[in-house]
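K.L.:
Quick one: structure below, then a few questions.
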Amino acid sequence: MEFLEVSVRAHLMADRTVLELVDTRLYPGALPQRVVYPAIRYQRVDTVRVYSKAGYEGDSRPRLQIDCWSPNYLEAKRLAEAVRTAMSRYPYAECVDEQEAYEHEPEPPLYRVILDFILWHREE
């Protein structure tokens, strides 16, 4: 069984624009210490599973959060645009929310663009 997060990471790594911006700096859960920016962090926020009267059918609707980090505002925005464009080609994915954040710490301060995607997914 392949996890959705593994599939999404591979999809983003296969996108030339994303790869040019972050190389292999796509991390699950948390950014590592001393990370080189720009970088991407991704995590599953929640999963809604589809049930019928017969029980769980195997279909789910997870929400995946992808954060684009950079010490440069425009670079964070460019990375978010590249991720959004790449994910528009991922089967059954829709960007449902985008937010911006500014983190005063660590030094130097960081800009973050937060993208939330809803995906339809078949769990095997």
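Counting in our numbering, the sequence shown runs from 25 upward without gaps.
Where is the CB? At the ideal position from N, CA and C, for every residue including glycine.
Model, not experiment: these values are computed from the prediction.
Which residue comes first and which comes last in the alpha helix (DSSP H) that contains ALA104?
P.N.:
Segment 97–111, the alpha helix (DSSP H) holding ALA104.
K.L.:
According to DSSP, what are the bridge partners of VAL72?
P.N.:
Per DSSP, ARG85.
K.L.:
I'd like the list of long-range same chain contacts for TYR114, defined as Cβ closer than 6 Å, with 5 residues on each side in sequence excluded.
P.N.:
Once the five neighbours on either side are set aside, the close Cβ partners of TYR114 are HIS35.
K.L.:
Please work out which residues of its chain come closer than 6 Å, Cβ to Cβ, to ILE138, disregarding the five sequence neighbours upstream and downstream, and give them in chain order.
P.N.:
These residues qualify, in order along the chain: ASP91, GLN123.
K.L.:
Assuming the contact rule is C-beta atoms closer than 8 Å, TYR66 and PRO52 should be a hit. Round their C-beta distance to whole Å, please.
P.N.:
Going by Cβ atoms, the distance from TYR66 to PRO52 rounds to 6 Å, so yes, they are a contact pair.
K.L.:
Quick check: the Cα distance between LEU88 and PRO62, rounded to an integer number of angstroms?
P.N.:
Computed Cα separation, rounded: 19 Å.
K.L.:
Assuming the contact rule is C-beta atoms closer than 8 Å, ALA106 and THR41 should be a hit. Round their C-beta distance to whole Å, please.
P.N.:
Sure, about 4 Å apart at Cβ, within 8 Å.
K.L.:
Identify whether MET25 lies in helix, strand or coil by the three-state DSSP scheme.
P.N.:
With a pLDDT of only 44 at MET25, under the threshold of 50, the placement of this residue in the model should not be trusted; the figure read from the coordinates follows. It is coil, neither helix nor strand.
K.L.:
Can you tell which of ASP47, TYR80, ILE64, ALA38 has its C-alpha closest to the C-alpha of TYR135?
P.N.:
Taking only the C-alpha atoms, the option nearest TYR135 is ILE64.
K.L.:
Residue range of the beta strand (DSSP E) that ARG40 falls in?
P.N.:
That residue, ARG40, is in no beta strand (DSSP E); its alpha helix (DSSP H) goes 40–46.
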